[in-house]
Amino acid sequence: MIVTTEDKKNVFLGVIQKIKKGLGNEENELVIIKAKEIQLFQNEESKQSYTFLCWRHVAKQAAKKNAGDFLCVQFRADTGDPFRGIAERFPRSGKFLSGPGQSLIYAPIMNKYYEKNVCSCVLEFWTRLDGLRYEICSYSNYMAVKAAAKIDLKDSVLCFMTTHNGVSTPYATTTIHNNRIGETFYEDAKN
-8 MIVTTEDKKN VFLGVIQKIK KGLGNEENEL VIIKAKEIQL FQNEESKQSY
42 TFLCWRHVAK QAAKKNAGDF LCVQFRADTG DPFRGIAERF PRSGKFLSGP
92 GQSLIYAPIM NKYYEKNVCS CVLEFWTRLD GLRYEICSYS NYMAVKAAAK
142 IDLKDSVLCF MTTHNGVSTP YATTTIHNNR IGETFYEDAK N
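For the sequence shown, position 171 (counting from the first letter as 1) is numbered 162 according to our numbering, and the numbering increases by one without interruption.
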């Protein structure tokens, strides 16, 4: 999927299919990544593949990635090809699609609490406008059981959530273990 940051930048979220590393000379190093958009909900149609050209310092970061890895990349679109872009950076976190009471967050888990059928996770993320921020996601009932069992402190998560009175409640969460996409669990009513 392609989302927008609070400062109007394009971010692609997907899985790397192919990667060509170490192209070009030392001054103009190039890595090419081909990736497919992720599907957060099972009823979504098959997604399009995109190609990202990674130059210089971004290429050095891209060279650490492998096929099958989860990809979060901020990019500028290539005007000649709608499915190709120039990679600008690889965010480790961010808050996207901010709207009235709804958001999408990609962030590492900093802490997790589980007690009486409620699982609360503290997410740490960075925005260009506000700097370092924290969000608390509260899972309840059967989602709490899944969250407690599936989410580890070493993980990152991709969460669609609603916020009410300062409490964020995820209705769809995809776990990301060691750069690989894990299980997606969600509230049936939001499917």
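Glycine residues also receive a C-beta, built at the ideal position from the N, C-alpha and C atoms. All figures in this text were calculated on a predicted structure; none of them were measured in a lab.
Outcome for residue i when other beta-carbon atoms lying within 10 angstroms are tallied against a minimum of 16
i	result
Gly85	buried
Phe74	exposed
Thr166	buried
Pro91	exposed
Val148	buried
Lys55	exposed
Thr70	exposed
Met101	exposed
Ala58	exposed
Glu158	Residue 158 is actually Val in this sequence, not Glu. With fewer than 16 Cβ atoms within 10 Å of its Cβ, Val158 is classed as exposed.
Tyr97	buried
Leu114	buried
Tyr130	buried
Neighbourhood of residue i by C-beta, 7 Å cutoff - its chain only, sequence neighbours within 5 removed
i	result
Pro82	Val2, Cys63 and Gln65
Val(-6)	Val2, Leu4, Phe87, Leu88 and Leu95
Rounded straight-line distance, which links the Cα of residue j to that of residue i
i	j	result
Ile24	Gln39	14 Å
Lys9	Thr42	9 Å
Glu184	Ala50	Because the chain here runs from -8 to 182, residue 184 falls outside it and cannot be looked at.
Thr153	Asn16	47 Å
Asn170	Asp60	5 Å
Tyr104	Ala68	40 Å
Own chain residues within Cβ distance below 8 Å of residue i, not counting five before or after
i	result
Gly122	none
Three CB pairs or more closer than 8 Å across the segment 103 to 111 and the segment 4 to 16: no
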